[in-house]
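Protein chains: 2
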Amino acid sequence: MYDMTIKLLGGDKHLYEQIYEHIRHEIWEGRLLAGERLPSTRSMADYLQVARSTVAYAYDQLLSEGYIESRPYKGYFVCPIEGMVDMAERAKDPAQEAAPRETVVQKPLYDFSPHGIDMSAFPFSVWKRITREILSEDHQELFARGEAQGDYRLRETICRYLHSSRGVNCTAEQIIVGAGNDYLLMLLEKILGRHVCVAMENPTYMRTRRIFHSFAYPVVTVPSDASGMIVSKLEETDARVAYVMPSHQYPLGTVMPIGRRTELLKWADGGADRYLIEDDYDSEFRYRGKPIPSLQASDDHGKVIYIGTFSKAIAPAIRVSYMVLPERLLEKYNNECYFYSCTVSRIDQRILDEFIREGYFERHLNKMRKIYRSKHDLVLRELEPFAESFRISGENGGLHVLLHARGAVKEAELIARAAAADVRVYGISASCTEAVPKLEGTVLLGFGAVSEDDIRKGIAQLKGAWL
Amino acid sequence: MYDMTIKLLGGDKHLYEQIYEHIRHEIWEGRLLAGERLPSTRSMADYLQVARSTVAYAYDQLLSEGYIESRPYKGYFVCPIEGMVDMAERAKDPAQEAAPRETVVQKPLYDFSPHGIDMSAFPFSVWKRITREILSEDHQELFARGEAQGDYRLRETICRYLHSSRGVNCTAEQIIVGAGNDYLLMLLEKILGRHVCVAMENPTYMRTRRIFHSFAYPVVTVPSDASGMIVSKLEETDARVAYVMPSHQYPLGTVMPIGRRTELLKWADGGADRYLIEDDYDSEFRYRGKPIPSLQASDDHGKVIYIGTFSKAIAPAIRVSYMVLPERLLEKYNNECYFYSCTVSRIDQRILDEFIREGYFERHLNKMRKIYRSKHDLVLRELEPFAESFRISGENGGLHVLLHARGAVKEAELIARAAAADVRVYGISASCTEAVPKLEGTVLLGFGAVSEDDIRKGIAQLKGAWL
């Protein structure tokens, strides 16, 4: 491991900038070589006596500029950069150490992030026009404080949308509008109370798991099969709440069949305090078969807390999510949490409301479905030559597919070989709380933000790297 | 008490609307008379088997339309409405009960809410122009997910503003931008941890107290004197954190002198885990003497958590607040809470940033200071004839003054007599956790949202009602 000695200065320059610049300089000067491991953010922070996030910022900057890469379970490594010597070479020819060459630094050319979304088709001009029109309305009201749960008008709109597109049965009174899922989960903590044991799958959406941890909620991992969380195993735990993504599990992309849904609902019926959190994060995108209704649609006993967001279907910057509370929890919210002000500005609520009411949201969704379906189909076509060496899963919905190596090759090697060919793919281990043997050679290939041209070229590169 | 029998129907009409309409109808029909008490929201909710908030919604609607009024510690009462019979009259002439007269319903003509702000001078056209310009920028970036703490550029801007106007010493790294104070307090709970005993004054800002309660934080009330929280009394408690408003205490309007500030800081120094939360909610408005610097400005040991908002100085709908964390808590945030996404949209952050950077915020503040100062001075002038019967306090800053009756008259009577003269004033008891004997005849007179003409007329009405 590289021994880091950075002289941090006071004054105007931020600490993270100093760390970033130091490491970049070391890479440029050839003192840090491709493949070399950097200290962990924690040990670096301890060593330099700075906050861990200061180091994380610096690493993020280096990551995003392609100087270093993150390898699951391993840490951060200096990237192989064109024109630069790597560790292996240095070992072969120690003389090179003294004479580093000029370097050209590049980001990975093809980034198949599962979190990227395509903003190219977003109707900016419509959004702008609606914004302009709304700002010309009666300002006094628009700039005043609004209802805690979100403006009633927007809640009615969301209610109608959820009913028609997701089969969700609710009234506007049950809906709480908030600035992002993280915030709504924080509010949910206040409603559910302390020490709620939550069941999650493995792999799962790690962001939510971290949030439950920060609530000091005990989180138990319940094994899954092809249908999702195994209810008999859930029964064996102390869980009061189970967090599931029935329409499109992240990261596996599986759809929970009706049988398993019924079992889960029955589990929830088994205790007055039991609930299911349904995170319906990207159910809008489904390319084969009938649309999958929400779990909430089958819930007759008020057991499902339904959470969804506009960040994925519209834009990440649109910080509007919604939570549908079952009656009993709504009552608790009304009695105990009614005073938390809404976190979304009324202007933004009005813009979104108009965007949906005027039909632009549906049109945008249809357009995006077409675009993503076309990318999805292209990915599957381009991956045909991989069939002998890889099994594909999680297709037919969402914005990524999974590739499972049929051989003994491991995730880290797949990622490293892809990186050497200028392609970034994502390991499933980042979503795992404990290793899943059958997923050891599995990577995620997201296509939301990748152009069709780049999908073709990127997968061609992968062919060279993997086959 | 009125015995409420409402047949609630299913179907399209919301429950709260049905309750609202029923009660309004009963008032119109003369079956509910002025001065009659309504059931509490809780008992009404129990009786009708609906959520308490459904009843609260209905009551709020009736309140805002002037049908009913809320009396501190007493409950909700039907308002005396012009042309309508009241209870006393009915007692005198029972025949009237059968023949209710046509009625005209009115809102209180003059509402001196301490929470109202004047939006008439807000530079809507500038806000619109900036919005338009920003929406014409590079959209991809603007609609993408931003930094968790808020965009660095905006944090730098806030940092400069806080330094120059409030003497706050911090870096942009210490600032967290969030959608409202409530949200920032929720985040602070995650940083401070569980079971933190918080000291508050009495009276205090009840909204924050409710929020601490919902964290299940034990809240202790520490007695105050004219300088604010008494530190020797604070020492006697188990409090780890003290919540104060040193620049302008709500609702008393007192300014904490430097001596008391130093004592408080010394108290905080007495324990590694002790902190002061400084809520600097409306320090922008100060009409006499030098500007009051923040408590954070005197903090050399990283003991002050500084919280402020743009809701008051710009508009309630601008859901942007900021929290300045001392180094040790920043480290905890960075290690344990860094994954909570920012709750303010990047577009809104950019608009606000431009608004401040282009100098409009300062110009707007100056304009508002002039407007509020003029209203403030007018209120004091118009209140001169009250001097014999009332003592005034909390003047020279903020958006309200306090009137203390010199005689034995109680708050509820002052409010009722004002209401009968079409004026709404606000009792201090709503901000009290336990009765404060010397504040028994105290009301708040807010002037932020009242026009100068209405200030003159409203206070003239009060003269008739109270003197």
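The listed protein sequences correspond, in order, to chains A and B.
Just so we're aligned, residue 64 is where the first sequence starts under my numbering, counting upward by one.
Just so we're aligned, residue 64 is where the second sequence starts under my numbering, counting upward by one.
Ideal Cβ positions, reconstructed from N, Cα and C, are used throughout, including at glycine.
Under the three-state DSSP convention, the category residue i falls into
i: Gly509(B); result: strand
i: Ile239(A); result: strand
i: Ser408(B); result: coil
i: Phe140(A); result: strand
i: Ser456(A); result: strand
i: Tyr403(B); result: coil
i: Glu451(B); result: coil
i: Arg100(A); result: strand
i: Tyr350(B); result: coil
i: Val318(B); result: coil
i: Ala528(B); result: helix
i: Val472(A); result: coil
Residues bridged to residue i (per DSSP)
i: Asp174(A); result: Arg487(A)
i: Ala523(A); result: In the DSSP output, where bridge partners are listed per residue, Ala523(A) has none listed.
i: Thr284(A); result: Met263(A)
i: Thr234(B); result: Bridge partners of Thr234(B): none, in fact.
i: Thr300(A); result: For Thr300(A), which the question treats as bridged, DSSP gives no partner whatsoever.
i: Ser133(A); result: Tyr139(A)
i: Gly291(B); result: Asp288(B)
i: Tyr83(B); result: For Tyr83(B), which the question treats as bridged, DSSP gives no partner whatsoever.
i: Lys308(A); result: The sequence given here has Met at residue 308(A), not Lys. DSSP, once it has assigned bridges, lists no residue as partnering Met308(A).
i: Val118(A); result: Bridge partners of Val118(A): none, in fact.
Where the beta strand (DSSP E) containing residue i begins and where it ends
i: Val499(B); result: That residue, Val499(B), is in no beta strand (DSSP E); it is neither H nor E in DSSP.
i: Ser188(B); result: From DSSP, Ser188(B) is part of no beta strand (DSSP E) but of the alpha helix (DSSP H) over 187-198.
i: Val367(B); result: 367-372
i: Asp342(B); result: 338-342
i: His439(A); result: Counting along the chain, His439(A) falls outside any beta strand (DSSP E), though it belongs to the alpha helix (DSSP H) covering 423-445.
i: His467(A); result: 463-468
First and last residue of the uninterrupted alpha helix (DSSP H) at residue i
i: Ala331(A); result: 321-332
i: Phe275(A); result: 269-277
i: Asp109(B); result: 104-111
i: Ile381(A); result: Looking at the DSSP string, Ile381(A) is not in any alpha helix (DSSP H), and its letter there is neither H nor E.
i: Ile180(B); result: Per DSSP, Ile180(B) belongs to no alpha helix (DSSP H) and is neither H nor E.
i: Leu255(A); result: 244-255
i: Ser227(A); result: 215-229
Contact list for residue i against chain A, beta-carbon separation under 9 Å
i: Val240(B); result: Under the 9 Å cutoff, chain A gives no residues; its nearest Cβ is about 11 Å from Val240(B).
Nearest-angstrom Cβ-Cβ length linking residue i and residue j, presumed shorter than 8 Å
i: Asn265(A); j: Thr496(A); result: 5 Å
i: Leu415(B); j: Leu465(B); result: Incorrect: roughly 32 Å between the Cβ atoms, too far for contact.
i: Asp343(A); j: Gly316(A); result: That pair is no contact at about 14 Å.
i: Ala380(A); j: Ser408(B); result: 5 Å
i: Tyr306(B); j: Met263(B); result: 5 Å
i: Tyr403(A); j: Leu250(A); result: 6 Å
i: Ile368(B); j: Ile340(B); result: 5 Å
i: Ile377(B); j: Glu445(B); result: The Cβ separation is near 28 Å, so there is no contact.
i: Gly422(B); j: Gly179(B); result: The Cβ separation is near 27 Å, so there is no contact.
i: Tyr173(B); j: Tyr246(A); result: Contact flag wrong, Cβ pair sits at about 38 Å.
i: Pro177(B); j: His463(B); result: 4 Å
i: Ala484(A); j: Ala528(A); result: 4 Å
Closer than 7 Å at the beta carbon, the chain B residues around residue i
i: Ser400(A); result: In the sequence under discussion, the amino acid at residue 400(A) is Cys, which differs from the Ser named in the question. Residues of chain B passing the Cβ test: Ser277.
i: His77(A); result: Glu236
i: Met249(A); result: Met249
i: Asn397(A); result: Ala114, Arg115, Ser116
Beta-carbon neighbours of residue i, restricted to chain A and to distances below 7 Å
i: Leu393(B); result: Ala114
i: Ile410(B); result: Ala380
Closer than 7 Å: residue i CB and nearest the ligand NAP heavy atom
i: Ser456(A); result: For the structure depicted, the ligand NAP is absent and the ligand set is empty, with no information on it obtainable.
Cross-chain neighbours of residue i in chain B, by beta carbon under 9 Å
i: Thr406(A); result: Gly241, Ala242, Gly243, Asp245, Tyr246, Arg382, Thr406, Val407
i: Lys253(A); result: Met249, Ser277, Phe278
Chain A contact residues for residue i, given Cβ-Cβ distances below 8 Å
i: Arg459(B); result: Looking at the sequence provided, one finds Asn at residue 459(B) rather than Arg. Within 8 Å Cβ-Cβ: nothing; Asn459(B) doesn't reach chain A, min ~26 Å.
i: Leu198(B); result: Phe187, Trp190, Lys191, Thr194
8 Å Cβ cut-off: residues of chain B touching residue i
i: Ile368(A); result: The contacting residues do not exist; Ile368(A) stays about 16 Å from chain B at best.
i: Ala378(A); result: Phe206, Ala207
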